[in-house]
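Colleague: If you scroll down you'll find the structure; I have some questions about it.
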Amino acid sequence: QKEVEQDPGPLSVPEGAIVSLNCTYSNSAFQYFMWYRQYSRKGPELLMYTYSSGNKEDGRFTAQVDKSSKYISLFIRDSQPSDSATYLCAMSGWGDMRFGAGTRLTVKP
Amino acid sequence: SQTIHQWPATLVQPVGSPLSLECTVEGTSNPNLYWYRQAAGRGLQLLFYSVGIGQISSEVPQNLSASRPQDRQFILSSKKLLLSDSGFYLCAWSPSAGYGELFFGEGSRLTVL
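Residue numbers (my numbering), protein chains in the order written: chain Z, 1072 to 1180; chain D, 98 to 210.
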């Protein structure tokens, strides 16, 4: 079992749709949870950063962490074509950091 | 605010030639610095990390090396490139050694022919 599993996609949705991106992990020592957005041929950009379980909202983006289930999600409301990118989940703790392989999202106008 | 610069953005090199990718961070002191390689569909692979000048930890034995000659400068090198060294290389920094937030540069795409 991989330490971090991320739905590979690719995911294609119409503009305005709600998008749900998910990751599961196996290491219960992870305490920090992140989502990165990566446009083609660019470096990943930190989108959301949360600590421990719960929800965090930033504009159209909501990050959700369920440590008991070892499951994290990123929700995008009112998706826009500019949201088309690869989304990477990441988690860290005790000097270890792991990334998911990324989900490629396309939002069609 | 902190910024990270990485160059060159694109590089095409023949097999057996040397490599030098450079990364600098501005606006912070004593950052933790990292080199990652990203392969399509395989996520990010940590190559090297550094918690201070001259302190380098290697995660994967390979044809590459890293150096940190100054507090905010991180260099990825190779004496002789292999075809398998082709990829997208990312420099990153974090403010803490506990692997909290990680901030990436724009990346360097290396093609070895």
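Beta carbons are placed, not taken as given, at the ideal position from N, Cα and C, and that holds for glycine.
All values reported here derive from a predicted model rather than from experimental measurement.
Applying a beta-carbon distance threshold of less than 7 Å, which residues of chain Z neighbour residue 202 (chain D)?
Modeller: 1114
Colleague: Out of D:200, D:116, D:208, which has the shortest C-alpha to C-alpha gap to residue 181 (chain D)?
Modeller: D:208
Colleague: Expressed to the nearest angstrom, what Euclidean distance is found between the alpha-carbon atoms of residue 1110 (chain Z) and residue 1156 (chain Z)?
Modeller: 5 Å
Colleague: If you compare alpha carbons, which of D:206, D:184, D:121 is closest to residue 190 (chain D)?
Modeller: D:121
Colleague: If we ignore side chains and look at the alpha-carbon of each, how far apart do residue 1136 (chain Z) and residue 152 (chain D) end up?
Modeller: 34 Å
Colleague: Over what stretch of residues does the beta strand (DSSP E) that includes residue 154 (chain D) continue unbroken?
Modeller: 152-155
Colleague: Give the residues from the segment 120-143 of chain D that approach chain Z closer than 8 Å (Cβ to any Cβ), ordered along the chain.
Modeller: 138, 139, 140, 141, 143
Colleague: Report yes or no: is there a C-beta of chain D within less than 9 Å of the C-beta of residue 1171 (chain Z)?
Modeller: yes
Colleague: What do you get for residue 1154 (chain Z), buried or exposed, if any count of 16 or more other CB atoms within 10 angstroms of its CB means buried?
Modeller: buried
Colleague: Which term fits residue 1174 (chain Z), buried or exposed, when burial requires 16 or more other beta carbons within 10 angstroms of its beta carbon?
Modeller: buried
Colleague: For residue 189 (chain D), list the residues DSSP reports as bridge partners.
Modeller: Answer is D:131, D:201.
Colleague: At what residues does the beta strand (DSSP E) containing residue 123 (chain D) begin and finish?
Modeller: Residues 116-123.
Colleague: Using a Cβ cut-off of 9 Å (strictly closer), state whether residue 1163 (chain Z) contacts chain D.
Modeller: yes
Colleague: If we cut at 9 Å on Cβ distances, does residue 103 (chain D) have a partner in chain Z?
Modeller: So yes, residue 103 (chain D) belongs to the interface.
Colleague: What does the Cβ neighbour count give for residue 113 (chain D), buried or exposed, with the cut at 16 atoms within 10 Å?
Modeller: exposed
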